[in-house]
Amino acid sequence: MESFFNSQSYNQLLERLNSINPDDAPLWGKMTTAQMMNHCQEPLKIALGYNDKNLKSNWVVKLLFKKMLYSPKPFKKNAPTPPAFRSTATFNFEEQKAELKKWMQELYNDRHNPNRAPHPVFGTFTEEQWGILQWKHLNHHFEQFGV
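Numbering that gives the first Met the number 0 numbers the first residue of the sequence shown as 0 and each following residue consecutively.
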């Protein structure tokens, strides 16, 4: 299973990010490329312990999500974005790309942190689970823009 923390997978994600252009249209959904890059920063920040969202969960959500996490199936297209992670703001493409790269690099460098805070919705994750989650989320949105 692919992982954000695998150096080859991480480098492939960076290559894919670099191939996204400002005017690329989504194959599904309504986000622009800059909005998508802004959105993709949030789960990286959460993994690093920066959580300014008021997120709630229950045991059913945690159980179902962890089952989905280990499924070989990608995240579903057109799945609704949680309200705390939605944005209709206009962002600068190059600034958002640079910020996304920065957060990706910070999490990759911090990949072996044994004191990572629990995910606010899905609970405690292992390093392996964090890596799979980040890869699946970024892959989902990069595929959304055809890369």
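Even glycine gets a Cβ: it sits at the ideal position worked out from N, Cα and C.
None of these values were measured; they are calculated from a predicted model.
Starting from Ser56 and walking both ways along the alpha helix (DSSP H), at which residues does that stretch end?
Residue numbering aside, residue 56 sits at position 57 when the sequence shown is read from its first letter. Where Ser56 is concerned, there is no enclosing alpha helix (DSSP H), given that its DSSP letter is neither H nor E.
How is His38 classed by DSSP in three states: helix, strand or coil?
Residue 38 sits at position 39 when you count from the first residue of the sequence shown. Three-state DSSP puts His38 in a helix.
Can you grab the Cα-Cα spacing for the pair Leu132 / Trp102, in whole Å?
The count along the sequence shown starts at 1 and reaches residue 132 at position 133. The count along the sequence shown starts at 1 and reaches residue 102 at position 103. So the two alpha carbons sit approximately 15 Å from each other.
Going straight from the alpha carbon of Ala46 to that of Tyr107, what length do you get?
Locating residue 46 in the sequence shown gives position 47, counting from the first residue. Locating residue 107 in the sequence shown gives position 108, counting from the first residue. Answer to the nearest angstrom: the Cα atoms are 10 Å apart.
Pull up the CB-CB distance for Ala83 and Leu54, whole angstroms please, since I reckon it's below 8 Å.
Reading the sequence shown from its first residue, position 84 is the one you call residue 83. Reading the sequence shown from its first residue, position 55 is the one you call residue 54. Indeed, because the Cβ distance is near 6 Å, the residues count as touching under 8 Å.
Is Gly122 helix, strand or coil by DSSP?
For this step, residue 122 is matched to residue 123 along the sequence shown. It is a strand residue.
Out of curiosity, what's the CA-to-CA distance linking Glu98 and Asn37?
Residue 98 sits at position 99 when you count from the first residue of the sequence shown. Residue 37 sits at position 38 when you count from the first residue of the sequence shown. Distance between the alpha carbons of Glu98 and Asn37 is about 8 Å.
Along the chain, where does the alpha helix (DSSP H) that runs through Arg15 open and close?
As a first step, residue 15 is located in the sequence shown; it is residue number 16 there, counting from the start. That run of the alpha helix (DSSP H) goes 6 to 17.
Report the three-state DSSP secondary structure of Gly145 (helix, strand or coil).
Along the sequence shown, one-based indexing puts residue 145 at 146. It is coil, neither helix nor strand.
Any contact between the stretch 112 to 122 and the stretch 2 to 10? By contact I mean 3 or more CB pairs, one from each, below 8 Å.
no
Whole-angstrom distance between Lys76 and Asn17, CA atom to CA atom
Taking the sequence shown and counting its residues from 1, the one referred to as residue 17 is at position 18. Taking the sequence shown and counting its residues from 1, the one referred to as residue 76 is at position 77. Distance between the alpha carbons of Asn17 and Lys76: 22 Å.
Unbroken alpha helix (DSSP H) run spanning Met30, endpoints
Position 31 of the sequence shown holds residue 30. Counting along the chain, Met30 falls outside any alpha helix (DSSP H), and DSSP gives it neither H nor E.
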